[in-house]
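For the record, in the sequence shown the residue sitting at position 162 is 162 according to UniProt numbering, with numbers rising by one throughout.
Using N, Cα and C, we set each Cβ at its ideal position, and we do this for glycine too.
Here's the structure, in structure tokens; my notes come after.
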Amino acid sequence: MADPVVEFTSTDIEFAEGSFGSIDFGVFSITDVDDNIFKIVLSVSDGSIIANDGDGLQASGVTIQTDDAQTITILGTGTAISNYMSLPDVFSFDVGILTAGDNAAILTITAFDDTAGEVADTINIDITAPDTPAVVAGDFTGDVIEGNIGDGAVTATGPLSISDVDVGDDPAFDDVATTAGDNGYGTFELTSGTWTYTLDQSSVQDLDAGDTVTDTYTFTATDGTTQAITVTITGAADAAVVSGTFTGDVTEGDEGDAPVTASGVLSISDVDGDDSPVFNDVASTAGDNGYGYFVLSGGTWTYTLDQSIVQDMDAGDTVTDTYTFVATDGTLQDVTVTITGANDMAVVTGTFTGDVTEGNEGDPAVTATGSIAISDVDADDTPVFNDVASTAGDNGYGHFELTGGDWTFTLDQAAVQDLDAGDTVNDTITFTADDGTTQQITVTISGTNDNVVVSGGDASTVTEGNVGDPDMLASGTLTIDDLDDLDDPVFLDVAAAKKTYGTYTMTNGTWIYTLDQSKVQHLKAGETVTDPHTFLASDGTEHTVTVTIVGTDDAPVVKGTFTGELTEGNIGDPTSSVSGTLSITDLDGTPTFTNVASAAGAYGSFKLAGGQWTYTLDQAKVQNLNTGDTRTDSHTFVASDGTEQTVSVTIKGADEAPTSGGNTGETPVTTVLLPSGGGTTNIASTVTGATGGFGTGTGTVIVQASSPSSIITGNIGGTLNDGHQVVVSLGNGNNNVSLTGNTTIASGLSDVLIGGGTLDDVTSVLGSTGGGLGGGLGGGLGGGGLGGGFGSGATVVVAGSGSDKIDLSGLSGTSVVVGGAGRDSIIGGAGDSILLGGTGSDSILGGAGNDHIRGGSGDNILLGGDGDDRLVGSGTFGGGAGNDYLTQTHGVMFGEAGNDTFRLARIDGDGSGKQSIIGDFDVGDDTLDLRAMGIKTVDDLVNALQASSGETALFKFDNGQELVIAVPEFRGTSNQFDAEEFHSWNILFSTDT
Numbered sequence: 001m002a003d004p005v006v007e008f009t010s011t012d013i014e015f016a017e018g019s020f021g022s023i024d025f026g027v028f029s030i031t032d033v034d035d036n037i038f039k040i041v042l043s044v045s046d047g048s049i050i051a052n053d054g055d056g057l058q059a060s061g062v063t064i065q066t067d068d069a070q071t072i073t074i075l076g077t078g079t080a081i082s083n084y085m086s087l088p089d090v091f092s093f094d095v096g097i098l099t100a101g102d103n104a105a106i107l108t109i110t111a112f113d114d115t116a117g118e119v120a121d122t123i124n125i126d127i128t129a130p131d132t133p134a135v136v137a138g139d140f141t142g143d144v145i146e147g148n149i150g151d152g153a154v155t156a157t158g159p160l161s162i163s164d165v166d167v168g169d170d171p172a173f174d175d176v177a178t179t180a181g182d183n184g185y186g187t188f189e190l191t192s193g194t195w196t197y198t199l200d201q202s203s204v205q206d207l208d209a210g211d212t213v214t215d216t217y218t219f220t221a222t223d224g225t226t227q228a229i230t231v232t233i234t235g236a237a238d239a240a241v242v243s244g245t246f247t248g249d250v251t252e253g254d255e256g257d258a259p260v261t262a263s264g265v266l267s268i269s270d271v272d273g274d275d276s277p278v279f280n281d282v283a284s285t286a287g288d289n290g291y292g293y294f295v296l297s298g299g300t301w302t303y304t305l306d307q308s309i310v311q312d313m314d315a316g317d318t319v320t321d322t323y324t325f326v327a328t329d330g331t332l333q334d335v336t337v338t339i340t341g342a343n344d345m346a347v348v349t350g351t352f353t354g355d356v357t358e359g360n361e362g363d364p365a366v367t368a369t370g371s372i373a374i375s376d377v378d379a380d381d382t383p384v385f386n387d388v389a390s391t392a393g394d395n396g397y398g399h400f401e402l403t404g405g406d407w408t409f410t411l412d413q414a415a416v417q418d419l420d421a422g423d424t425v426n427d428t429i430t431f432t433a434d435d436g437t438t439q440q441i442t443v444t445i446s447g448t449n450d451n452v453v454v455s456g457g458d459a460s461t462v463t464e465g466n467v468g469d470p471d472m473l474a475s476g477t478l479t480i481d482d483l484d485d486l487d488d489p490v491f492l493d494v495a496a497a498k499k500t501y502g503t504y505t506m507t508n509g510t511w512i513y514t515l516d517q518s519k520v521q522h523l524k525a526g527e528t529v530t531d532p533h534t535f536l537a538s539d540g541t542e543h544t545v546t547v548t549i550v551g552t553d554d555a556p557v558v559k560g561t562f563t564g565e566l567t568e569g570n571i572g573d574p575t576s577s578v579s580g581t582l583s584i585t586d587l588d589g590t591p592t593f594t595n596v597a598s599a600a601g602a603y604g605s606f607k608l609a610g611g612q613w614t615y616t617l618d619q620a621k622v623q624n625l626n627t628g629d630t631r632t633d634s635h636t637f638v639a640s641d642g643t644e645q646t647v648s649v650t651i652k653g654a655d656e657a658p659t660s661g662g663n664t665g666e667t668p669v670t671t672v673l674l675p676s677g678g679g680t681t682n683i684a685s686t687v688t689g690a691t692g693g694f695g696t697g698t699g700t701v702i703v704q705a706s707s708p709s710s711i712i713t714g715n716i717g718g719t720l721n722d723g724h725q726v727v728v729s730l731g732n733g734n735n736n737v738s739l740t741g742n743t744t745i746a747s748g749l750s751d752v753l754i755g756g757g758t759l760d761d762v763t764s765v766l767g768s769t770g771g772g773l774g775g776g777l778g779g780g781l782g783g784g785g786l787g788g789g790f791g792s793g794a795t796v797v798v799a800g801s802g803s804d805k806i807d808l809s810g811l812s813g814t815s816v817v818v819g820g821a822g823r824d825s826i827i828g829g830a831g832d833s834i835l836l837g838g839t840g841s842d843s844i845l846g847g848a849g850n851d852h853i854r855g856g857s858g859d860n861i862l863l864g865g866d867g868d869d870r871l872v873g874s875g876t877f878g879g880g881a882g883n884d885y886l887t888q889t890h891g892v893m894f895g896e897a898g899n900d901t902f903r904l905a906r907i908d909g910d911g912s913g914k915q916s917i918i919g920d921f922d923v924g925d926d927t928l929d930l931r932a933m934g935i936k937t938v939d940d941l942v943n944a945l946q947a948s949s950g951e952t953a954l955f956k957f958d959n960g961q962e963l964v965i966a967v968p969e970f971r972g973t974s975n976q977f978d979a980e981e982f983h984s985w986n987i988l989f990s991t992d993t
């Protein structure tokens, strides 16, 4: 058996003191010829084997397959560590505490034959320990990257340690406080074996991207060992620094305002050595929200607000507009402007001025008009101008009003009348909208040359008189006023201005017109002409004064023969007549007397033909005249203009035997002639004892007043038999008759006695045969027999032409009174009376009976009293208590109590132009008789109605007649009457029978 052979090529080795060493078994082989298993024991005299190619030591050993599939087992014993080992391999040894110069450590490699258990071969390697340098361990470099000033600290760190295997050496790196690196880019410090490098950013800001620099610091251990730590700084592209003003503020204004801007500066810098960026100019560019435009010029930015875009902003609203400027290195910078909304001024549109021209007071209204509207672009504002009622302008020249956005100015002419032509003034009002916006409206008033105001009397009336009358004058005063400040005109004096019908003068504003009567004598009654004259004022104003001349009815001139005389003859004698002429002239016209074929007088008849009148005596009517008696027969002829002329014929009596006639036989007549010279006569005592006195006998007593102004009294009481009458004949004076007595009527009234010279008046009432009151008989008042009579208890009074006062109120019997031409006052008795007023304006009271009262042609007062009376005439009527019948041509009628009938008597009017007035028409009770008026229907009556007021109605008929009716029940309104009202009236129309 052969021993294994260990072959190892090596030399002695040195390990640094206190350090590790290793042996590379680069040439190491074991040959075991008998192929037994062997083991290798490695041992060191001092130290320990600590590694086998990095594998951890295993107590159980490791089997390594060799190339020839042999297994090498390394077992450890004692201080040796045995491992399986794959050759070649490297072993590391901990030399232990060898000191420099000692050769105490020996590595022994011994191969044993496992089978034999013998040492096959041994190799000893001397391990020496020279003076081993200290060993510094750790991180000796680091890296940082440039940042920006103000960034967080940028550092690099690493461990740093030192060891020395030499026995007795124990070096260390002591702590080092902050110390700048060799290039000053940062600072190093060492604390407990850890170094830290902190970069100073401010020192490296000029590094460009990719640039590198280093900063180094050398640490020194306690044994003097040094170790440099180097940090590499890599440059970065530094962010450029933009400075300046990046925000701005503007406030919304109004369109058309001066530009509203915000501005600031922009600058950019870059610490990188090779970078020099700038912001280039930017032309006007809209902001991101389009509210305005940004401009950059020379580093200054300007923002200009576009007012039209932000007008809808309300006060306090804010919006922003931004623009991003880009530098040449790509750096971006936003500039943002904040826009604050304002309360936009509302916009008022329309017509703010107007013009009017001064006129005159009383002219139609002068106005200026226009419209105003208001709008507000603020989103929440919708202002309006509310209506304004009529309000005076600031200067009081007129009034403004606003309705629905339309304004109207109405000029107050009275306030501007003092403006001269060309003067101008203004009147202004300020309208206020509901948001407080105000708008002034101004109207310019231009003055004119005012029309002057002429006042005073410029019209008058004069009445035509006669040539030779005192001057007929009209006058008045004219004043002239001009409201223009500089004008003060006056009317110029006029000495004499002859006109058509007269002459005008003017002195200090007072004009006088003098009528020239000779030029107006041709005017008819009521005809008018005018005579105007135009006066001139100092300012050229002309004003016309007009005088109206009213014609009068010039007294016509009647010429001719107005009297005649005849002597009574005998019945059967040749015709006895007398004649004369009548002619008439009138400056107003050419009237003529109307022919009369035959007009009966009391004793004969008159006729007129071609201006020749003839009176023919009726002998039968004057046979009772005695010698010396005279009677007068008269007739009044009427001309075409209404002029009347009476022709009187005196009939002289002749002595002849009395005669009688009639149907009752001869009646004794007693005549009592009152004393001449007037005075008072009591006829009762005067006629006592006379034939047929006031006793119970029969006969007629005639009391004749031969002188004017007689006073006749007497009590004629008692019982008068049939055929017993009292006749009183009055002269032409102003007589007073007062008769009393409670006369008893013995039998019925049968005959009528006609006495005196007023036969026409009596027959017009009673008829020629007595009118139903009995037979009629004509007879004189002288002695002799009279046929007929008034029957029992009748009293007859015949008045002359004087104004007589006849009071028969004390009589209870029948009365007949015939008034004369004077203004008579007649009071009837208590019985049924016939009262005739004559031609004068009489006052007649009927008394208690059923009276027939005729006023005659004058304007009378007729009062019926009690009883059912019949009143005929003109003037004022009072029917009294009965059911009366009132017939009137003009005047006032009062039916008073009872159911009365009012009759308008003349269809052609009476030519007086006067009205008929019914003062108390009682609808339903009274009757209106229109049969003489041509009124046929209610519609005709309504058509005649002209006006109404209160409780009166005025009717104007086609014939010129006017009727006023006072109706207590009248319910019409002014100028209006319902025709239905008349259907409730009692009306007799012309179609009624």
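Using a 10 Å radius around the Cβ and a threshold of 16 neighbouring Cβ atoms, would you call residue 473 buried or exposed?
The residue in question, residue 473, is exposed, as its Cβ has fewer than 16 Cβ neighbours within 10 Å.
Identity of the residues DSSP links to residue 401 by a beta bridge
In the DSSP assignment, residue 401 is bridged to 408.
Can you look up residue 426 in the DSSP assignment and give me helix, strand or coil?
Residue state, collapsed to three classes: strand.
Assuming residue 193 and residue 173 make a contact with CB atoms under 8 Å, what is their CB distance in whole Å?
Rounded to the nearest angstrom, the Cβ distance from residue 193 to residue 173 is 6 Å, consistent with a contact under 8 Å.
Assign residue 307 to one of two classes, buried (16 or more other C-beta atoms within 10 Å of its C-beta) or exposed (fewer than that).
With 16 or more Cβ atoms within 10 Å of its Cβ, residue 307 is classed as buried.
Residues bridged to residue 962 by DSSP?
Paired residues: 915, 956.
How about residue 242 and residue 267: are their beta carbons less than 9 Å apart?
In this structure, residue 267 lies closer than 9 Å to residue 242 by Cβ.
7 Å CB neighbourhood of residue 331 in its chain, flanking five on each side removed:
Cβ neighbours of residue 331 beyond the five flanking positions: 240, 242, 268, 277.
Tell me whether residue 379 is buried or exposed, calling it buried when 16 or more other Cβ atoms sit within 10 Å of its Cβ.
Exposed is the label assigned to residue 379, since fewer than 16 other Cβ atoms lie within 10 Å of its Cβ.
Which whole-angstrom value is the C-beta distance of residue 366 and residue 397, which I expect to be below 8 Å?
Incorrect: roughly 11 Å between the Cβ atoms, too far for contact.
Expressed to the nearest angstrom, what Euclidean distance is found between the alpha-carbon atoms of residue 151 and residue 236?
Approximately 13 Å between the Cα atoms of the pair.
Stretch-stretch touch, CB-based, cutoff 8 Å, three pairs: the region 302-321 with the region 347-367
Counting Cβ pairs under 8 Å, fewer than three are found: no touch.
Could you pull the start and end residues of the alpha helix (DSSP H) that residue 449 belongs to?
Careful: residue 449 lies outside any alpha helix (DSSP H) and carries neither H nor E.
Buried or exposed for residue 624, going by 16 or more other Cβ atoms inside 10 Å?
By the Cβ-count criterion, residue 624 is buried, with 16 or more other Cβ atoms from all chains shown falling within 10 Å of its own Cβ.
Distance, residue 490 Cα to residue 441 Cα:
Their Cα atoms are separated by approximately 40 Å.
Kindly give me the distance between the Cβ atoms of residue 531 and residue 547, rounded to whole angstroms, as I take these residues to be in contact under 8 Å.
Yes, they are in contact, since the Cβ atoms of residue 531 and residue 547 sit about 5 Å apart, within 8 Å.
Leaving out five residues on either side along the sequence, give the residues of the same chain with a beta carbon under 6 Å from the beta carbon of residue 596.
Closer than 6 Å at the Cβ level, and outside the excluded window around residue 596, lie 607, 608.
Please say whether residue 399 and residue 405 have beta carbons closer to each other than 9 Å?
The Cβ-Cβ distance between residue 405 and residue 399 does not fall below 9 Å.
Kindly indicate which residue of 939, 176, 216 has the alpha-carbon position closest to the one of residue 222.
Ranking the options by Cα distance to residue 222, first place goes to 176.
To the nearest angstrom, how far is the alpha carbon of residue 376 from that of residue 386?
Rounded to whole angstroms, the gap between the alpha carbons of residue 376 and residue 386 is 16 Å.
Over the uninterrupted beta strand (DSSP E) stretch that includes residue 207, give me the two end residues.
It is not in any beta strand (DSSP E) - residue 207 carries neither H nor E in the DSSP assignment.
For the 8 Å Cβ check, are there 3 or more pairs between the region 475-482 and the region 453-462?
When C-beta atoms of the region 475-482 are compared with those of the region 453-462, three or more pairs fall below 8 Å, so the two segments count as touching.
Is there contact between the region 427-436 and the region 508-518, where contact requires at least three CB pairs shorter than 8 Å?
With a cut-off of 8 Å, the region 508-518 and the region 427-436 do not count as touching, because too few Cβ pairs lie within range.
Looking only at C-alpha atoms, which of 355, 467, 351 sits nearest to residue 447?
Of the candidates 355, 467, 351, the one whose C-alpha sits nearest the C-alpha of residue 447 is 355.
For a quick check, are the C-beta atoms of residue 402 and residue 388 less than 9 Å apart?
Yes, Cβ-Cβ distance for residue 402 and residue 388 is below 9 Å.
Cβ separation of residue 467 and residue 413, assumed to be a contact under 8 Å, to the nearest whole Å:
The C-beta separation of residue 467 from residue 413 comes to about 51 Å, leaving the pair out of contact by the 8 Å criterion.
In three-state DSSP terms, what is residue 508?
Note: residue 508 maps to coil in three-state DSSP.
Who are the near neighbours of residue 257 in its chain, counting only those whose CB is closer than 7 Å to its CB and skipping five residues on each side?
Once the five neighbours on either side are set aside, the close Cβ partners of residue 257 are 307.
What is the rounded straight-line gap between the Cα of residue 994 and the Cα of residue 185?
As shown, the chain starts at 1 and ends at 993. That puts residue 994 outside it, with no answer to give.
Would you say residue 313 touches the ligand SAM, meaning its beta carbon is less than 8 Å from a heavy atom?
Although the ligand SAM was asked about, the structure shown includes no ligands whatsoever.
Which of helix, strand or coil does DSSP assign to residue 936?
The answer is coil: DSSP assigns residue 936 none of H, G, I, E or B.
Given 8 Å, three or more beta-carbon pairs between the region 201-215 and the region 243-251:
No: fewer than three Cβ pairs fall under 8 Å.
Would you kindly work out how many angstroms separate the C-alpha atoms of residue 275 and residue 146, rounded to a whole number?
Spanning the alpha carbons of residue 275 and residue 146 requires a straight line of approximately 16 Å.
First and last residue of the uninterrupted beta strand (DSSP E) at residue 328:
First-last for residue 328: undefined, no H or E at that position.
Checking 9 Å against the spacing of the C-beta atoms, do residue 986 and residue 927 come in under that value?
In this structure, residue 927 lies closer than 9 Å to residue 986 by Cβ.
In this structure, what does DSSP give as the bridge partners for residue 142?
Answer is 231.
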